[in-house]
Amino acid sequence: MARMIFPAACARLQNHFAPLGFEGVLSSPTSMTARVYDPQTGENLVVISCIPCGTALSEDDVQIIAHAIEIELEVLQFRAERASDSSVG
Numbered sequence: 002m003a004r005m006i007f008p009a010a011c012a013r014l015q016n017h018f019a020p021l022g023f024e025g026v027l028s029s030p031t032s033m034t035a036r037v038y039d040p041q042t043g044e045n046l047v048v049i050s051c052i053p054c055g056t057a058l059s060e061d062d063v064q065i066i067a068h069a070i071e072i073e074l075e076v077l078q079f080r081a082e083r084a085s086d087s088s089v090g
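Residues in the sequence shown are numbered consecutively from 2, following my numbering.
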C-alpha cells in the first residue's frame, strides 16, 4: 500500500474537514496533535494530542485519524446539546 509523508497526510485531513480549519503537528516521531478550528474566529473546536502516527502514513491511517477526530467532534456536540437541554428544563 502506498504511503504518504506527514505534510501530504495533513493536506488530506485539511481537505476532509473543510470548510473548517485543520492543523496537524508531529509531536514526536510516533504521535501527532490535531486541531480542528473555526477559520473565521480561530476558535478551537477540538484539539487531540498523542494520536499514534509516524512520518509516513497510508490512506487507511489518514481515514482512521479523520474518523477519530469526527467522533470527538460528535461527542463535544452531544455534550453541548445536552447542557443546553438541561439548562432549559
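Glycine is no exception: its CB is placed at the ideal position from the N, C-alpha and C atoms.
Under 7 Å between C-beta atoms of residue i and residue j
{"i": "Ala19", "j": "Ile70", "result": "no"}
{"i": "Val63", "j": "Arg13", "result": "yes"}
{"i": "Cys11", "j": "Gly22", "result": "no"}
{"i": "Ile49", "j": "Glu75", "result": "no"}
{"i": "Val37", "j": "Leu46", "result": "yes"}
Per-residue DSSP class, three states only, for residue i
{"i": "Glu44", "result": "coil"}
{"i": "Leu77", "result": "helix"}
{"i": "Cys11", "result": "helix"}
{"i": "Ala35", "result": "strand"}
{"i": "Ala69", "result": "helix"}
Counted within 10 angstroms of its Cβ, other Cβ atoms place residue i as buried (16 or more) or exposed
{"i": "Cys54", "result": "buried"}
{"i": "Met2", "result": "exposed"}
{"i": "Leu77", "result": "exposed"}
Residue i to residue j span [Cα, whole Å]
{"i": "Gly43", "j": "Ser88", "result": "27 Å"}
{"i": "Ile6", "j": "Asp86", "result": "44 Å"}
{"i": "Thr56", "j": "Ala84", "result": "39 Å"}
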